[in-house]
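Numbering (the working numbering), first residue to last: 1034 to 1340. C-beta: ideal position from N, C-alpha, C; glycine also. Reading through the C-alpha cells given below for one structure.
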Ligand code: SIN
Ligand code: FE
C-alpha cells in the first residue's frame, strides 16, 4: 500500500505541537498548554528530548533479547516486574541491566510529568513501560491485520478493559544508528467516531460477563470498551480509510520523544526500530477538559452512558 501521494504536508496542520525540552527533569517555560493540546488529541513532539544509554546498554539493543512469543520487553515499575525477555540468548547481568534501564526510564518519565503535566501527577496510575527492539517491518510481516500497527488505529486493550480511563503514552526513539521512527497521524477522534460508530457491532453484556468469568478479560468489558475495540478494528479493516483518510506522516528522529493519548489520537507506526515507551492510565475526571475524552464523545454520539 502506498500512502505517499496522500500525505500532503499541510494535512492536519495542528495535529503535532513541538516543544523545546532538552532534558527530563528541568522545568521549561512554554507558551503552549501541554495538557490542553494533549486532551485535544494532539501529539506533543519533543525533538530534543533524548534518553541517554551507556555503551553497555546500547549493546543490549538486539531483537534476540525479546522472548520470541512476545512483541516487547515490558516492566511494571511499582511491582519491579520484568517480562518478555528471551529464556536463552542472555545472562543474568543482561536481565539486571534491562531492569535498571526500564526503572531509570520510568523515573525520568515521572520527572517529565512533574513539570510538563503537573495537574496529572497525582492521578496517573498503573505505569508500564516497554523496550521495543524489533524493526516495525518485521512485526508487520508476522501479524494478522488486527495486530498490524502500521494501519491507522486508536489503542484499545482486548484483555484489559479500562472503562473510559485514558491511555497516556510517552515514546522515545533510541535508535543507535540514527534511524527515525515514522508514524502516520490521522483525523481527530470526533470525526473518526462519527464515521465508524454506525459500523460497530452490537454490544452483548452477557457475553462480556462470561468473558470476564472465564478470564478472557481481566475485568468486565463495558459498552465503552466494546466500542473502542470495534473502532480499532473498523479503522484497521478499512483499506480505503487507510489509504485516503485524512492523515499526515511524521518522522520522529533518533534522540527525540513524543507524547499522546493513544486511545484518542489515530496513529500508525510505519518504520523504525528501538524505542522506549511509557504508558499511564488517567481517570476521565482528572482531565482538564473531560468533554474531549473518547468516553464523553461516544456517550454524546449514542445518547447514553457507556460505563
Ligand atoms: C502503536 O502503539 O501502535 C505502536 C507505536 C510504535 O511502536 O511506534
Ligand atoms: Fe497503537
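*asked:* I'd like to confirm something about residue 1177: is its beta-carbon nearer than 7 Å to some heavy atom of the ligand FE, or not?
replied: No, Cβ of residue 1177 sits at least 7 Å from all heavy atoms of the ligand FE.
*In angstroms, rounded to a whole number, what distance separates the CA positions of residue 1069 and residue 1293?*
12 Å
*Ranges of the beta strand (DSSP E) found wholly within the segment 1079-1120, counting only runs of at least 3*: 1106-1109 and 1114-1116
*Which partner residues does residue 1206 have in the DSSP bridge list?*
1308
*Determine the contact status of residue 1297 and residue 1117, defining contact as a CB-CB distance below 8 Å.*
no
*By Cβ distance below 6 Å, which residues in the same chain neighbour residue 1328 in space, the five residues on each side in sequence not counted?*
1197, 1257 and 1317
*Grouping DSSP H, G and I as helix and E and B as strand, with all else coil, what is residue 1065?*
coil
*Could you name the residues whose beta carbon sits closer than 6 Å to any heavy atom belonging to the ligand FE, keeping them in chain order?*
These are the residues, in chain order, with a beta carbon less than 6 Å from any non-hydrogen atom of the ligand FE: 1182, 1186, 1188, 1295 and 1300.
*Contact check, residue 1275 vs residue 1150 under 8 Å by CB: the rounded distance?*
The Cβ separation is near 31 Å, so there is no contact.
*Using a threshold of 8 Å, state whether the C-beta atoms of residue 1325 and residue 1090 are closer than that.*
Their beta carbons are not under 8 Å apart, which means residue 1325 does not touch residue 1090 by this criterion.
*Which stretch, first to last residue, makes up the beta strand (DSSP E) that contains residue 1215?*
1214-1219
*If I'm right that residue 1264 touches residue 1226 with Cβ under 8 Å, what's the distance once you round it to whole angstroms?*
About 7 Å; that satisfies the 8 Å criterion.
*Residues bridged to residue 1322 by DSSP?*
Note: residue 1322 sits in no beta bridge, so no partner.
*Taking the DSSP output, what are the residues bridged to residue 1050?*
1077
*Going by Cα to Cα distance, which pick from 1148, 1268 and 1172 is closest to residue 1224?*
1268
*Keeping to the same chain, check which residues put their C-beta closer than 7 Å to that of residue 1278; ignore five residues upstream and five downstream.*
1185, 1219 and 1220
*Tell me whether residue 1185 sits in a helix, a strand or coil according to DSSP, three-state version.*
Three-state result, residue 1185: coil.
*To the nearest angstrom, report how far apart residue 1211 and residue 1111 are at their CA atoms.*
32 Å
*Could you tell me which residues DSSP pairs with residue 1229 in its beta bridges?*
BP columns for residue 1229 are empty, so no partner.
*Report yes or no: do three or more beta-carbon pairs, one from the segment 1162-1177 and one from the segment 1091-1103, lie closer than 8 Å?*
yes
*Rounded separation between residue 1245 and residue 1214 - CA only*: 36 Å
*Going along the chain, which residues of its own chain have a beta-carbon closer than 6 Å to the beta-carbon of residue 1020, five neighbours each way excluded?*
Outside the shown range of the chain, which is 1034 to 1340, sits residue 1020, and nothing can be said about it.
*6 Å Cβ shell around residue 1188 - same chain, five flanking residues per side excluded*: 1200, 1295 and 1296
*Hey, how far is the Cα of residue 1222 from the Cα of residue 1299?*
C-alpha separation (whole angstroms): 7 Å.
_Let's test the definition: count the other Cβ atoms within 10 Å of the Cβ of residue 1162 and tell me whether it reaches 16, buried, or not, exposed._
buried
*For the candidate residues 1114, 1153 and 1191, whose alpha-carbon lies nearest to that of residue 1135?*
1114
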